[in-house]
Amino acid sequence: MDLAAFRALEPLCWRAPSAHNTQPWRLRYERWAVTVGWDPADALPAGDRAGRDLRLSLGAFVETCLIVAADAGLRLDWAADHDEADRRAGRLRPGRQPYRTPFRTADVWDRRTHRGRFTAGPDADVVAAVDAVARRAGGAVRVVPAAGRLRALLRTADRQVYADPAVVAELRRWLRLDRSDPRYRADGLTDSCLGLDRAAATGLRAALAAYRVLRPLGLPRLLAAAGGDPLGQGGGVLALVAPPGLDAAGQVEFGRVLMRTWLTLHTAGLAAHPLSQLVDVAATRDALGTLLDVAPERIVHVARVGRPAAPAPRSARRVNRESDLLAATPLEAVSLHPREAIG
Numbered sequence: 001m002d003l004a005a006f007r008a009l010e011p012l013c014w015r016a017p018s019a020h021n022t023q024p025w026r027l028r029y030e031r032w033a034v035t036v037g038w039d040p041a042d043a044l045p046a047g048d049r050a051g052r053d054l055r056l057s058l059g060a061f062v063e064t065c066l067i068v069a070a071d072a073g074l075r076l077d078w079a080a081d082h083d084e085a086d087r088r089a090g091r092l093r094p095g096r097q098p099y100r101t102p103f104r105t106a107d108v109w110d111r112r113t114h115r116g117r118f119t120a121g122p123d124a125d126v127v128a129a130v131d132a133v134a135r136r137a138g139g140a141v142r143v144v145p146a147a148g149r150l151r152a153l154l155r156t157a158d159r160q161v162y163a164d165p166a167v168v169a170e171l172r173r174w175l176r177l178d179r180s181d182p183r184y185r186a187d188g189l190t191d192s193c194l195g196l197d198r199a200a201a202t203g204l205r206a207a208l209a210a211y212r213v214l215r216p217l218g219l220p221r222l223l224a225a226a227g228g229d230p231l232g233q234g235g236g237v238l239a240l241v242a243p244p245g246l247d248a249a250g251q252v253e254f255g256r257v258l259m260r261t262w263l264t265l266h267t268a269g270l271a272a273h274p275l276s277q278l279v280d281v282a283a284t285r286d287a288l289g290t291l292l293d294v295a296p297e298r299i300v301h302v303a304r305v306g307r308p309a310a311p312a313p314r315s316a317r318r319v320n321r322e323s324d325l326l327a328a329t330p331l332e333a334v335s336l337h338p339r340e341a342i343g
């Protein structure tokens, strides 16, 4: 296995998604393999107490590594070896042939989370395509009826999230609302990716700074209301349902499925806006399970999906600012079409 060739591609692999854009994955290069692990400093112990989003993010990262390597002609395989104590998900190792996938590096590079307006939701063919991806792994994709019941669940989830001081403190740590912040172009949730103008970003920053004082006066309800109505921005809502009895290692593997569903949406011209709060709050997750007639613990991801009305901003990454990528990765090594080239 040519570790130097894969190392040059690593900045592209970091385009994988993660909750709050914390980018928790870490690579350890060894003689014959690359161990994929994580840094607990980039986990979300308050908002993601069970570690579900962490493990889904690790799986999405693994799938991205395999896609990028395959597009560069590298023969790479994945050996799952999840170990919580060692903070290890598994190893990328030499394979007999490149990973078989319909996706390309350009898909990884162009895929974006979109929190803005959608002109249309997914049609029946797209829903069937992503459902087929999930079913091959024992799961399913279900359409969530976007009626008044779902809006009420979103409001409930938002209020409960903002009512938890530990979750709010964690959110503040990863918000990037000041463009002079040196971390603005490295990680976290920027104002542009959240669709906030300067006034809204300033107001949110001030409200969160005064959280301890204003919380007893109803700030959580106001913050939830300030988030608006994402369902009013168009699109449809899809839920990713995992197989029964999925353990921690299985969640990592299902993160790979999640990445394949997102890329399937992307290649169909659609984007996703995660509504993770519906799954993070036990009461709304249970209600969603009732709505979909599925065991609540099997619902691992919910997102608003549709055709973006305008391009979404690209989220920040620590290691793939354009100058870093140009220096580290020969563009001829990956099949980016000319219009998709960096720069």
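When the letters of the sequence shown are read in order and numbered with my numbering, they come out as residues 1 to 343.
Don't be surprised by glycine CBs; every beta carbon is placed ideally from N, CA and C.
Note that the structure is predicted; figures quoted are calculated from it, not measured.
query	result
The stretch 291-311 contacting the stretch 266-278, beta-carbon criterion three pairs below 8 Å	yes
Stretch pair the stretch 117-134 + the stretch 245-253: three plus CB contacts closer than 8 Å	no
Nearest residue (CA-CA) to Tyr99, options Val68, Ala295, Ala242 and Ala129	Val68
Selection from Phe61, Ala4, Ala33 and Ala5 that minimises the alpha carbon distance to Pro17	Phe61
Arg339 classed as buried or exposed, judged by whether at least 16 other C-beta atoms fall within 10 angstroms	Annotation note: pLDDT 24 at Arg339 (below 50); position unreliable, no value reported.
Alpha-carbon to alpha-carbon, Arg151 and Val161	15 Å
Continuous alpha helix (DSSP H) stretch holding Pro274: start and end	Element bounds for Pro274: not the alpha helix (DSSP H) but the beta strand (DSSP E), Ala271 to Pro274.
Stretch pair the stretch 215-226 + the stretch 155-175: three plus CB contacts closer than 8 Å	yes
Arg317 versus Ala79: straight-line alpha-carbon distance, rounded	26 Å
Classification of Ser57 by the beta-carbon crowding that lies within 10 angstroms, buried from 16 upward	buried
Endpoints, the alpha helix (DSSP H) within which Ala266 is located	Before going further, note that residue 266 is His rather than Ala in the sequence given. It spans Ala248 to Thr267 - the alpha helix (DSSP H) in which His266 sits, taken as one unbroken run.
Whole-Å CB distance - Asp48 paired with Ala19, under 8 Å assumed	6 Å
Glu30 burial status per 10 Å Cβ neighbour count (16 or more: buried)	exposed
Reduced DSSP secondary structure (H/G/I, E/B, other) of Ala124	helix
Proximity winner among Leu291, Gly306, Arg307 and Asp286, relative to Glu297 (alpha-carbon distances)	Asp286
Closer than 6 Å: Arg111 CB and nearest the ligand GTP heavy atom	Ligands displayed in this structure: none; no statement on the ligand GTP is therefore possible.
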